[in-house]
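A.B. asks: Dumping the structure here so I can ask a few things about it.
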């Protein structure tokens, strides 16, 4: 048996405690599988005293994660602090500079600084691994980087924010408004301190940006992603979608098109009979499409102590076994710069608005679509409120740009009684 | 860039040709990802002249795969011949003896001889990898061995024979008999030369035996598996199951219990709303349950040129990247001998039979169950044929052994008009 692999763990929140528990509980099993003992030598967190349900005696304590990252007796720096900058970034940089391998669950850090960090680590012959940063316990980084390494990747899709999926499926199941369920989720502690990270699609966007980099061999380009949150999805949208056989999901899609790398995270309508459509509650799902393998679907818990710690340990075990992969599946210095696609692939769209009760209102709206070159698949004025009437339109395939043009023109007609909500209908 | 990784490919059927195509089409992409060119130096197949839709010029030809396995200019021997013995086994043994790494898609070979082959390879410092042998394109061997390496695995389940799932879902969708759909599948070329391998559950059993070995750190023990095929599933079973909210699947389940390693491949009833219940056609699905990660579900094509070649290439790419794992996730010499569980975990069972039209017949059958300590959840005599009446029973949780005892006793009552069909209802 080889020498122990020594971990320094920075951040002892839910995930950090989970990692400590696995290392303690499964010491022998991990050694049997990796050929060497996995040991924790030092830890770091903001507050020392707190009871975390795990025994930390025997581990050195560092107040500053940067000091932890530089310790002689640490081989792998495990960063579970979070946040795209601040102490997490400083500590990971220090770890790389000190010649450590890094395992992190920090999607924000990597989505914004992954390229520089990976280049620095690889230059020094070290690895930065991040299975836990994407879709929690689902080993999707590994599946994409290694399992599908023989494939040209055609498309990556995913429902990767459990909170959003919880909100959307709960609205659907209970017929509740967005606001009510948002408040429920808040009470349950499902939301990040800044809920925009969740419901604004940013957290899920970080994850998709990382997968896209592996899939297409491009530098992480979070800034080029189209991101739209679920804040404007109403129970009416969900019910109308269900009537047509669809579910609303906060869906990420990345694909390489003739126009560049298209990547977007936005509410989409997907068929309710598809695996994505059937995904309920806080569960995550990632769909990988390769030219040889076809479609691979992976489903599992996207967050929580056990699942995320499981993913951290996958990276730790790889390092213990001597597996040394580039962060994004090929040397970071060789990744192409990705130009975001200016125009996303055409798709049918669902469009909901309301019109003032004026003669010819519907015709005016229809005309704006026609002028933008968009043909209408279905159009329906349903029910009637005091002075306005809700209208639902399903278009044939069009671009988001053309639709936005039509929506701008709709505002000029003077007949809109509500801001139009447009939701892409995604072929999955 | 390092020196090329040189493949010798034995077997140029569907999968072999698929591997050649990937290596040719994606030469640059593979080199970029692995850091070294992947090249084919020599190939072997039964007949040389056949048109396989791929150019083989430039590759040396060997008539005998054993000679291919021993070539100086081969680093990795890729075995795609098939069959548990004969040329496949001889060639893999020769490759290991000659100091080559081996990649194989051969589940039968590994299910029966994997332990010796892995011990021999690992003794010599070489690897035997088999992602393509289990569930086609789904990277499940990798997910289990590496992605969930930090987990104690609690249970592995899978629908891993596409032909059986095709037959069962086609029967369900079209209301056709087993015999009719079996014939259809035969016409479509879905069946192995010996169809018992498919419909008898043996092929899927081989796959489950391999996953169980990784999951539980035990020597592959195909002989200890309980295997039952789908040959006796009637359209009536499928329709009755549907009435109760279930689908019939050929489901493999492996779990470590207090009584030893329980592993079985058999028709089971699973809830139609579960991912397994929703699995249609020839698609495969594997469910992995770990103590930290919870449940991970993976779905994809279980066979075919592209998917299987994709899995072969995953192993090749691992070797190219310097990843060197034990065949079963820990050194084969250290795997425990598994004792098959004598008694499988209790479950509710579905039991269908028919009774002669005699007074007290139903009571007699009910009594046999009571005598075996089995309580009845539901019992129904439905419809009526000339001289007999079909009967459907759903038991409360019981063991298969107790049920078999009751069925034996039923034969002694003299009221059975049909051989009872028992199907386990699996909690998934």
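Chains as they are written, first to last, in the working numbering: chain Y, 1 to 428; chain U, 1 to 428.
Glycine is no exception: its CB is placed at the ideal position from the N, C-alpha and C atoms.
1. Alpha carbons only, please: which of U:311, U:264, U:236 is nearest the one belonging to residue 203 of chain U?
2. Check whether chain Y comes within 7 angstroms of residue 299 of chain U, counting only Cβ atoms and requiring the distance to be less than that.
3. Within a Cβ cutoff of 7 angstroms, which residues of the same chain sit near residue 40 of chain Y, ignoring the five residues on either side of it in sequence?
4. From the DSSP output, read off the bridge partner residues of residue 249 of chain U.
5. Please confirm if residue 207 of chain U has its CB atom under 7 angstroms from at least one CB of chain Y.
6. Output needed for residue 267 of chain U: all residues of its chain with C-beta closer than 6 angstroms, excluding positions within five of it in sequence on either side, in chain order.
7. Using 7 angstroms as the limit for Cβ to Cβ distance, is residue 338 of chain U near chain Y?
8. Is it buried or exposed for residue 310 of chain U, if we count other Cβ within 10 angstroms and need 16 for buried?
9. By Cβ distance, which residues of its chain are closer than 7 angstroms to residue 257 of chain Y, with the 5 residues on each side in sequence left out?
10. Quick one: grab the DSSP three-state call for residue 284 of chain U.
11. Could you say which of U:353, U:398, U:31, U:375 lies nearest to residue 388 of chain U if we only look at CA atoms?
12. From the DSSP output, read off the bridge partner residues of residue 289 of chain U.
13. Report the residue ranges of all alpha helix (DSSP H) runs contained in full by the region 337–415 of chain U; include only those spanning at least 4 residues, in chain order.
14. Just the Cα atoms here: how many angstroms apart are residue 199 of chain U and residue 273 of chain U?
15. Contact between the region 110–121 of chain Y and the region 277–287 of chain U is defined here as three or more beta-carbon pairs at a separation below 8 angstroms; is this criterion met?
16. Which residue or residues does DSSP assign as beta-bridge partners of residue 176 of chain Y?
17. Where are the beta strand (DSSP E) runs, 3 residues long or more, that stay fully inside the region 204–229 of chain U, in chain order?
18. Count the other CB atoms, across all protein chains shown, that sit within 10 Å of the CB of residue 75 of chain U; report buried if there are 16 or more and exposed otherwise.
19. Considering just the uninterrupted stretch of the beta strand (DSSP E) at residue 101 of chain Y, what are its terminal residues?
20. Contact criterion: CB-CB distance below 7 angstroms. Does residue 330 of chain U meet it with respect to chain Y?
21. According to DSSP, which residues form a beta bridge with residue 255 of chain U?
22. Would you say the region 172–182 of chain U touches the region 319–326 of chain U, given that touching needs at least three Cβ pairs under 8 angstroms?
23. Please confirm if the region 122–142 of chain Y is in contact with the region 207–225 of chain Y, defined as three or more CB-CB distances below 8 angstroms between the two stretches.
24. Under 7 angstroms between beta-carbons, which chain Y residues line up against residue 33 of chain U? List them in chain order, please.
25. If you draw a straight line from the C-alpha of residue 412 of chain U to the C-alpha of residue 339 of chain U, how long is it?
26. Excluding the 5 residues flanking residue 13 of chain Y on each side, which residues of the same chain have their C-beta closer than 6 angstroms to its C-beta?
27. For residue 18 of chain Y, does the three-state DSSP call read helix, strand or coil?
28. Quick check: does the Cβ of residue 88 of chain U come within less than 6 angstroms of any heavy atom belonging to the ligand NAP?
29. For my contact list, residue 68 of chain Y and residue 62 of chain Y are in at a C-beta cut-off of 8 angstroms; report their separation, rounded to the angstrom.
30. Cutting at 7 angstroms between CB atoms, please list the residues of its own chain near residue 34 of chain Y, excluding the five before and the five after it.
31. Suppose contacts are defined by Cβ-Cβ distances below 7 angstroms. Is residue 132 of chain U in contact with residue 312 of chain U by that definition?
32. Going straight from the alpha carbon of residue 367 of chain U to that of residue 426 of chain U, what length do you get?
33. Tell me, please, whether the CB atom of residue 11 of chain U is closer than 7 angstroms to any CB atom in chain Y?
34. Counting only C-beta atoms, is residue 180 of chain U closer than 7 angstroms to chain Y at any point?
35. Pull the bridge partners of residue 38 of chain U from the DSSP assignment, please.
36. Can you tell which of Y:259, Y:225, Y:269 has the C-alpha that lies nearest to the C-alpha of residue 242 of chain Y?
C.D. replies: Taking the coordinates as given:
1. Here the question's residue 203 of chain U lines up with position 203 in the second chain. Checked all of U:311, U:264, U:236; the closest Cα to residue 203 of chain U is U:264.
2. Position 299 of the second chain, counted from the start, is the residue given in the question as residue 299 of chain U. For residue 299 of chain U, at least one C-beta of chain Y is nearer than 7 angstroms to its own C-beta.
3. The residue given as residue 40 of chain Y occupies position 40 in the first chain. Around residue 40 of chain Y: 7, 9, 20, 23, 59.
4. Taking the first residue of the second chain as 1, we reach residue 249 of chain U at position 249. According to DSSP, which records beta bridges pairwise, residue 249 of chain U is partnered with U:268.
5. Position 207 of the second chain, counting from 1, holds the residue named residue 207 of chain U. Among the CB atoms of chain Y, none fall inside 7 angstroms of the CB of residue 207 of chain U.
6. Sequence index remark: in the second chain, residue 267 of chain U carries index 267 (1-based). Excluding positions up to five away in sequence, the list reads 230, 233, 248, 250, 423.
7. As a working note, residue 338 of chain U is residue 338 in the second chain. At a cut-off of 7 angstroms between C-beta atoms, residue 338 of chain U does not count as an interface residue with respect to chain Y.
8. As a working note, residue 310 of chain U is residue 310 in the second chain. By the 10 Å Cβ count, residue 310 of chain U comes out buried.
9. The sequence position of residue 257 of chain Y within the first chain is 257, counting from 1. Excluding sequence neighbours, residue 257 of chain Y sits near 341, 345.
10. Along the second chain, one-based indexing puts residue 284 of chain U at 284. In this structure, residue 284 of chain U counts as strand in the three-state DSSP scheme.
11. Counting from one through the second chain, the residue named residue 388 of chain U turns up at place 388. Ranking U:353, U:398, U:31, U:375 by CA distance to the CA of residue 388 of chain U puts U:353 first.
12. Start at 1 with the first residue of the second chain, and residue 289 of chain U comes out as number 289. U:155, U:295.
13. The region 337–415 of chain U is shown to contain whole alpha helix (DSSP H) runs of 4 or more residues at 361–371, 400–411, in chain order.
14. Taking the second chain and counting its residues from 1, the one referred to as residue 199 of chain U is at position 199. Taking the second chain and counting its residues from 1, the one referred to as residue 273 of chain U is at position 273. The straight-line gap separating the alpha-carbon atoms of residue 199 of chain U and residue 273 of chain U is approximately 24 angstroms.
15. Result no; under three Cβ-Cβ pairs closer than 8 angstroms.
16. Position 176 of the first chain, counted from the start, is the residue given in the question as residue 176 of chain Y. Partner residues in a beta bridge of residue 176 of chain Y, as assigned by DSSP, do not exist.
17. Taking 3 residues as the shortest admissible run, the region 204–229 of chain U contains no complete beta strand (DSSP E) segment at all.
18. Numbered from 1 along the second chain, position 75 holds the residue referred to as residue 75 of chain U. So residue 75 of chain U counts as buried.
19. Indexing the first chain from 1 puts residue 101 of chain Y at position 101. Where residue 101 of chain Y is concerned, the enclosing beta strand (DSSP E) starts and stops at 101–104.
20. The count along the second chain starts at 1 and reaches residue 330 of chain U at position 330. Chain Y, which has a Cβ nearer than 7 angstroms to the Cβ of residue 330 of chain U, makes this yes.
21. Position 255 of the second chain, counting from 1, holds the residue named residue 255 of chain U. BP columns for residue 255 of chain U point to U:155, U:262.
22. Cβ pair count under 8 angstroms is below three, so no.
23. Because the criterion of three Cβ pairs below 8 angstroms is met, the region 122–142 of chain Y and the region 207–225 of chain Y touch.
24. To locate residue 33 of chain U, count along the second chain from 1; it is residue 33. Using a Cβ-Cβ cut-off of 7 angstroms, residue 33 of chain U is close to 149, 329, 330 of chain Y, given in chain order.
25. Residue 412 of chain U sits at position 412 when you count from the first residue of the second chain. Residue 339 of chain U sits at position 339 when you count from the first residue of the second chain. If you take the alpha carbons of residue 412 of chain U and residue 339 of chain U, they lie about 33 angstroms apart.
26. Start at 1 with the first residue of the first chain, and residue 13 of chain Y comes out as number 13. Same-chain partners within the cutoff: there are none.
27. Here residue 18 of chain Y corresponds to residue number 18 of the first chain, with the count starting at 1. Residue state, collapsed to three classes: helix.
28. This structure simply doesn't include the ligand NAP, nor any ligand for that matter.
29. For the purposes of this step, residue 68 of chain Y is taken as the residue at position 68 of the first chain. For the purposes of this step, residue 62 of chain Y is taken as the residue at position 62 of the first chain. 4 angstroms between Cβ atoms; contact.
30. Translated into positions along the first chain, residue 34 of chain Y becomes position 34. Around residue 34 of chain Y: 317, 320, 321.
31. In the second chain, the residue the question calls residue 132 of chain U occupies position 132. In the second chain, the residue the question calls residue 312 of chain U occupies position 312. A contact, by the Cβ cut-off of 7 angstroms.
32. Position 367 of the second chain, counting from 1, holds the residue named residue 367 of chain U. Position 426 of the second chain, counting from 1, holds the residue named residue 426 of chain U. So the alpha carbons of these two residues sit roughly 25 angstroms apart.
33. The residue given as residue 11 of chain U occupies position 11 in the second chain. Not a single C-beta of chain Y is nearer than 7 angstroms to the C-beta of residue 11 of chain U.
34. The count along the second chain starts at 1 and reaches residue 180 of chain U at position 180. With 7 angstroms as the cut-off, residue 180 of chain U does not count as an interface residue toward chain Y.
35. Mapped onto the second chain, residue 38 of chain U falls at position 38. Partner residues in the beta bridge of residue 38 of chain U, as assigned by DSSP, are U:5.
36. What you label residue 242 of chain Y is simply residue 242 of the first chain in a count that begins at 1. Of the listed residues, the one whose Cα sits closest to residue 242 of chain Y is Y:269.
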